[in-house]
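Residue numbers (this note's numbering): 224 to 354.
No residue lacks a Cβ here, since even glycine has one placed at the ideal position from N, Cα and C.
Shown next as structure tokens:
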């Protein structure tokens, strides 16, 4: 298992058992939002909680929505699972910018690709293959 920030590539398993990978809770760094048993997969998470500041009660973070030039604010966290590390990295940011409905619609068109999305109310949403 190789992990670099929000990107992880898992090759094989852990002695016949899956690796357990936690997706960080976007508002409590000491908790996991979900823990996944994974093997032979890539996972990437994009969120509004690593690089941000709050001004006038508004969270400004590093994931910019091109149509507004401002931080994308519909979601708190997007994790994408798939077979290719580079692709899931790009997709986690893309889905974060697209938002829940458009992002999940995109994921539903891609083979061997799944998503876990946490919205601004803290609700978790799963792509069809994970439900």
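Residue i: which of the options sits nearest, CA to CA?
i           : options            : result
residue 264 : 237, 295, 351, 231 : 231
residue 323 : 313, 312, 333, 350 : 350
residue 244 : 285, 258, 340, 310 : 258
residue 290 : 321, 346, 347      : 321
residue 345 : 294, 272, 329, 313 : 272
Taking the alpha helix (DSSP H) that residue i falls in, what are its first and last residues?
i           : result
residue 333 : Per DSSP, residue 333 belongs to no alpha helix (DSSP H) and is neither H nor E.
residue 351 : Element bounds for residue 351: n/a, residue is neither H nor E.
Please report the residue range of the beta strand (DSSP E) in which residue i lies.
i           : result
residue 339 : 337-342
If you measure between the beta carbons of residue i and residue j, is that distance less than 8 angstroms?
i           : j           : result
residue 301 : residue 256 : no
residue 341 : residue 249 : yes
residue 299 : residue 270 : yes
residue 315 : residue 267 : yes
State buried or exposed for residue i, treating a residue as buried only when at least 16 other CB atoms are found within 10 Å of its CB.
i           : result
residue 336 : buried
residue 286 : buried
residue 312 : buried
Look up residue i in the DSSP assignment and give the residues it is bridged to.
i           : result
residue 316 : Beta-bridge pairing links residue 316 to no other residue.
residue 225 : 232
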